[in-house]
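*Asks:*
Protein chains: 2
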Amino acid sequence: MNSAQFSIAAVERDTGLAKDTLRVWERRYGFPTPARDANGERLYPSAQVERLRLIKRLMDQGFRPGKLVSASDEELTALATPATIAPARVDDGTLSAIIRLVKGHDVATLRSALTQTMHRQGLQNFILDTVPQLNTAVGEAWMRGEFEVFEEHLYTEQMQSLLRQAISALPVASRGPRVVLTTVPEEQHVLGLLMSECLLTLEGATCIPLGTQTPLADIVRAASAHAADVVALSFSAAFPSRQVPPLVSQLRAGLPPAVALWLGGGGSGRLRSAPDGVRVVPSLAGILEALADWRQQATR
Amino acid sequence: MNSAQFSIAAVERDTGLAKDTLRVWERRYGFPTPARDANGERLYPSAQVERLRLIKRLMDQGFRPGKLVSASDEELTALATPATIAPARVDDGTLSAIIRLVKGHDVATLRSALTQTMHRQGLQNFILDTVPQLNTAVGEAWMRGEFEVFEEHLYTEQMQSLLRQAISALPVASRGPRVVLTTVPEEQHVLGLLMSECLLTLEGATCIPLGTQTPLADIVRAASAHAADVVALSFSAAFPSRQVPPLVSQLRAGLPPAVALWLGGGGSGRLRSAPDGVRVVPSLAGILEALADWRQQATR
DNA sequence: GTTCATATTTGTCCTGGACAAACTGTTGAC
DNA sequence: GTCAACAGTTTGTCCAGGACAAATATGAAC
């Protein structure tokens, strides 16, 4: 499997880099340098695919490709190791224990450890503190090469399961606002949505979860059909930031002015400035603020 | 929103048709016929995007694009209405009641109706009969234009929530086989995986769910790390069938021969012939057969 | 009716050019 | 010292039109 060669389509799938981008990097920076098959089509060795994945991950953190592709392997791994040790952790023992369980590939124990931690801390603390720290820790471990992709998948799957279970267990709210929760097409990260849904439902808001990747026109229709007060979108750090502003403007233009539009997730923080009628929610705690503000305004 | 123009990238997102495909259709068939912006770039009117979505959906059913793009609007809608009325339904009242609830946009009632139906029928019957019928009914309603995309999303989200809840409630199994469940990159449909996980866990198998879109190399690593006996992949009908055989061969070559490879979902049925060591599971009931066969072979 | 060989359809890949948006860094005003 | 405006550079995406192989349809022979 490690000596396998990848077609350009396979590399696009595995790295998230568009075919056009892969070709233009080759032309400009001299990397990657795929072999060619009998038909002149590119064949990428798996080592280069690995490197491309690392580069993509660093780009999601804000590094620029021109520097990265011409860097040595040592420089790349140095960058991948965060210089700043993560600041004060609430309970480092719990975190590292869970990380170890993921690495231990013991699904059942992992699940019960997560459940137990959630119950011990209470849902709101768990979501505001522990889950984001776990997400970061998993992401950083991946960057340092300590985590496999499938281990990240396993973690995400278990966390998703847990959060959905927690949501189901919450009482049905009817207090408002009515919030449509989703992501735009191409954005498939779901944990941000689920964390938001938890927090909002905990506070008595009514959530209409549409899952990920709803076409813009359908977000507008959903907002109308469900008489939504708020549309909340989640953008992960991996989402190409240049695509965010046009998407948001188009959506804002389609929604009635009375419907609020909230943006959250790591991909929304890098926005220069939000257009009128768009609220950037930089962190999970910000959701509670936004909710409080909305309610205050609604009673006026 | 309806008069909005779409860039070629937006159309690719919303329809699932690759940019190259959109350009070559324009060249060959004279459709679509996008306008151009000041910079010469294509701008697709939303009506054409709608038509493209319908064409894509019909192609997923096996129709060929050459016929579809040159067909009139009437012919298209005629094709979209299934000629064959769906065969014997177990309990048509329940099905149509749930469909009406989705259309009624009442999330809470929908959720409790689904939960209630599941409990009434028992989990296995629910998954073998009702859920596939609901999926089909939702898909057909979409085709006939009776369902919005966001309504399909809402349905999928609620069903997903319900299935995950059911899985969590099942006792932890330790009997074997150990089954890694996932989809390949680009394949994001999750319900097939969850239904399979339910059935397998009900029968006492141990599932290692990786969620969707695991890169091939990582599926192999996961199978090894988790000492899997079986890797089960789900392909939806929407997955480009031409991509399935190379993907499956590559994966089969990477997995140890002792690890079984099962393919399920609507996209696996159209395969001409499966390579050696690959089992195509045409329906959900087939999973139970495959499981029984595996256990029989294991005791030999 | 089945099987094989030929023709058509169809998606994806190729090259190399172009451009706009985003980012960088410098200069000058306050 | 801070900020704003400007010019230069970087970077992703789009374009055209040609090519080819795999999938599918068609027709001939048995």
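First to last, the protein sequences are chains S and G. Residues in the first sequence are numbered from 1048 upward in steps of one, following my numbering. Residues in the second sequence are numbered from 1048 upward in steps of one, following my numbering. Heads up, the beta-carbon is just placed ideally off N, CA and C, and yes, glycines get one too. As the structure is a computational prediction, the values presented were derived from the model and not from experiment.
Look at the alpha carbon of S/Gly1313 and the alpha carbon of S/Pro1292, and state the distance between them as a whole number of angstroms.
*Replies:* Rounded to the nearest angstrom, the two C-alpha atoms are 14 Å apart.
*Asks:* Do the CB positions of S/Thr1124 and S/Arg1100 come within less than 7 Å of each other?
*Replies:* No; because the gap between Cβ atoms is not below 7 Å, this pair is not in contact.
*Asks:* For the stretch 1191–1206 of chain S, which residues have a CB atom closer than 7 Å to at least one CB atom of chain G, in sequence order?
*Replies:* Within the stretch 1191–1206 of chain S, the residues whose Cβ lies closer than 7 Å to some Cβ of chain G are Glu1195, Val1196, Phe1197, His1200, Leu1201, Thr1203, Glu1204, listed in chain order.
*Asks:* Can you name the residues of chain S whose CB is closer than 7 Å to the CB of G/Leu1257?
*Replies:* Within chain S, the residues near G/Leu1257 are Phe1197, His1200, Leu1201, Glu1204.
*Asks:* Cβ of S/Val1149 within 7 Å of Cβ of S/Tyr1202?
*Replies:* Their beta carbons are under 7 Å apart, which means S/Val1149 touches S/Tyr1202 by this criterion.
*Asks:* Contact criterion: CB-CB distance below 7 Å. Does G/His1273 meet it with respect to chain S?
*Replies:* For G/His1273, the answer is yes, since a Cβ of chain S falls inside 7 Å of its Cβ.
*Asks:* Where DSSP assigns a beta bridge to G/Ala1254, which residues make up the other side?
*Replies:* Here the sequence assigns Cys to residue 1254 of chain G, which means Ala is not the residue at that position. Answer is G/Val1226.
*Asks:* Quick check: the stretch 1274–1290 of chain G against the stretch 1227–1240 of chain G, are at least 3 beta-carbon pairs closer than 8 Å?
*Replies:* Yes, they touch.
*Asks:* Could you list the residues in the stretch 1276–1292 of chain G with a C-beta less than 9 Å from some C-beta on chain S, going in chain order?
*Replies:* Listed in sequence order: Gln1290.
*Asks:* Quick one: what's got a C-beta closer than 6 Å to G/Asp1276's C-beta in the same chain, skipping five residues either side?
*Replies:* The residues are Pro1224, Arg1225.
*Asks:* Excluding the 5 residues preceding and the 5 following G/Thr1253 in the sequence, name in chain order all residues of the same chain whose CB lies nearer than 6 Å to its CB.
*Replies:* Closer than 6 Å at Cβ, skipping near neighbours: Ala1220, Arg1225.
*Asks:* Flag G/Leu1244 as yes if its beta-carbon sits less than 7 Å from any beta-carbon of chain S, otherwise no.
*Replies:* One point to set straight first is that residue 1244 of chain G is Glu, not Leu, in the sequence displayed. No - not a single Cβ of chain S is within 7 Å of the one on G/Glu1244.
*Asks:* Which residue marks the beginning of the alpha helix (DSSP H) containing G/Gly1239, and which one marks its end?
*Replies:* Run containing G/Gly1239: 1238–1249, per the alpha helix (DSSP H) assignment.
*Asks:* Quick one: Cα of G/Ser1117 to Cα of G/Phe1053, how far?
*Replies:* For G/Ser1117 and G/Phe1053, the distance between alpha carbons rounds to 22 Å.
*Asks:* Just mark G/Pro1081 as buried or exposed, buried being the case when its beta carbon has 16 or more other beta carbons within 10 Å.
*Replies:* That one is buried.
*Asks:* Please decide whether S/Glu1233 counts as near chain G, where near means a Cβ-Cβ distance under 7 Å.
*Replies:* Closer than 7 Å to some Cβ of chain G, the Cβ of S/Glu1233 qualifies, so yes.
*Asks:* Pull the bridge partners of S/Ala1082 from the DSSP assignment, please.
*Replies:* For S/Ala1082, which the question treats as bridged, DSSP gives the partners S/Leu1090.
*Asks:* Per DSSP, what kind of secondary structure is S/Gly1026 in: helix, strand or coil?
*Replies:* The first residue shown for chain S is 1048 and the last is 1347, placing residue 1026 of chain S beyond what the model contains.
*Asks:* Within 7 Å of any Cβ in chain G, is that where the Cβ of S/His1236 sits?
*Replies:* No, no contact with chain G.
*Asks:* When burial is assigned at 16 or more other CB atoms within 10 Å of the CB, is S/Ala1184 buried or exposed?
*Replies:* With 16 or more Cβ atoms within 10 Å of its Cβ, S/Ala1184 is classed as buried.
*Asks:* Could you give the distance in angstroms between the alpha-carbon of G/Asp1323 and the alpha-carbon of S/Val1154?
*Replies:* So the alpha carbons of these two residues sit roughly 30 Å apart.
*Asks:* By DSSP's criteria, S/Gln1052 is part of a beta bridge. Which residues make up the other side?
*Replies:* DSSP, once it has assigned bridges, lists S/Pro1092 as partnering S/Gln1052.
*Asks:* Flag this pair as yes or no: are the beta carbons of G/Arg1299 and G/Leu1308 separated by less than 7 Å?
*Replies:* Yes; because the gap between Cβ atoms is below 7 Å, this pair is in contact.
*Asks:* Indicate whether G/Pro1287 and G/Gln1260 have their beta-carbon atoms separated by less than 7 Å.
*Replies:* In this structure, G/Gln1260 does not lie closer than 7 Å to G/Pro1287 by Cβ.
*Asks:* Short of 6 Å in beta carbon distance, which residues of its chain neighbour G/Arg1089, apart from the five on each side in sequence? Order them along the chain.
*Replies:* Hits under 6 Å: Ile1055, Pro1081.
*Asks:* Taking 7 Å as the CB-CB cut-off, is G/Gln1095 touching chain S?
*Replies:* So no, G/Gln1095 is outside the interface.
*Asks:* Rounding to the nearest angstrom, what Cα-Cα distance links G/Gly1348 and G/Gly1301 in this structure?
*Replies:* In the structure displayed, chain G extends from 1048 to 1347; residue 1348 of chain G sits before or after that span and is not available.
*Asks:* Report yes if the C-beta distance between G/Phe1078 and S/Ala1269 is below 7 Å; otherwise report no.
*Replies:* No, they are not a contact pair.
*Asks:* Between G/Val1154 and chain S, is there a C-beta pair that is closer than 7 Å?
*Replies:* Yes, its Cβ sits closer than 7 Å to a Cβ of chain S.
*Asks:* Since S/Pro1262 meets chain G, which of its residues come closer than 8 Å, beta carbon to beta carbon?
*Replies:* Per Cβ cutoff of 8 Å: Arg1060, Asp1061, Val1196.
*Asks:* Using only the alpha-carbon positions, how far apart do G/His1200 and S/Glu1121 sit?
*Replies:* Looking at the two C-alpha atoms, the distance is approximately 45 Å.
*Asks:* Within the 7 Å Cβ cut-off, does G/Ser1296 reach chain S?
*Replies:* Not one chain S Cβ lies under 7 Å of G/Ser1296.
*Asks:* What distance in whole Å lies between the Cβ atoms of S/His1152 and G/His1152, which are believed to be in contact at a cut-off of 8 Å?
*Replies:* G/His1152 to S/His1152, Cβ: 42 Å. No contact.
*Asks:* Can you pull the chain G residues whose beta carbon is under 7 Å from the beta carbon of S/Ala1400, in chain order?
*Replies:* With chain S covering only 1048 through 1347, there is no way to say anything about residue 1400 of chain S.
*Asks:* What does the Cβ neighbour count give for G/Pro1262, buried or exposed, with the cut at 16 atoms within 10 Å?
*Replies:* Buried, because 16 or more other Cβ atoms sit within 10 Å of the Cβ of G/Pro1262.
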